[in-house]
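With the sequence shown counted from 1, adding 15 to any position gets you the working numbering.
Glycine included, C-beta positions come from ideal geometry on N, C-alpha and C.
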Amino acid sequence: FIACYACMVLAIIYHTYKIAREYFGKEGEVAAWQRRLFWVAATFYPGGFLFMWAPENLLCPNHPAVMRSLNLHAWFHVATTISPCCYVIFMTAHREQLRARRFRHRVWGGLFVVGIEPADKDS
């Protein structure tokens with residue numbers, strides 16, 4: 016199960032990378048936001064697995080007090096929540112760009128969001 020799940024995560028990252036390449040080397044606020052969102056989404060999920068979940072599960076039987084004090088499982092959930100949120104924002108902004116709708120990346124209440132302007136009534 017874990018190997019299958021990991022393959023699916025890597026496939027999503029690969030296909031998203033193919034989209035994200037469009038923003039590499041481009042100037043401007045949108046491209047900079049999209050690059051940041053992609054890298055956070057692409058690294059936090061596998062990084063949380065490799066550096067938080069796996070060590071906790073491997074080391075907890077031998078060092079339970081240390082593992083409890085580090086709270087790696089909780090940090091794993093934080094990282095794997097941030098990653099899909101950044102992915103959704105990245106893809107939403109990309110979709111709106113393809114639809115030629117005006118949007119703006121924002122930080123609202125400490126969270127990344129995409130502000131999309133309403134479509135004209137005539138369209």
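If you look at G130, you'll find it in the beta strand (DSSP E) that goes 126-131. In the structure shown, R121 falls within a strand segment according to DSSP collapsed to helix, strand and coil. Shown here, G43 sits in coil according to DSSP, grouped into three states, outside any helix or strand. The Cβ-Cβ distance between V24 and P70 does not fall below 9 Å. DSSP places E37 outside any alpha helix (DSSP H), giving it a letter other than H or E.
Assigned with DSSP and collapsed to three states, A108 falls in helix.
Apart from sequence neighbours up to five positions away, the residues of its chain that approach R117 with a beta-carbon distance below 6 Å are E132, ordered along the chain. N77 sits in coil when the DSSP states are folded into three classes, being neither helix nor strand. The DSSP-derived three-state label of A26 is helix. In this structure, C19 and A56 do not form a Cβ contact; the two beta carbons are roughly 20 Å apart against a cut-off of 8 Å.
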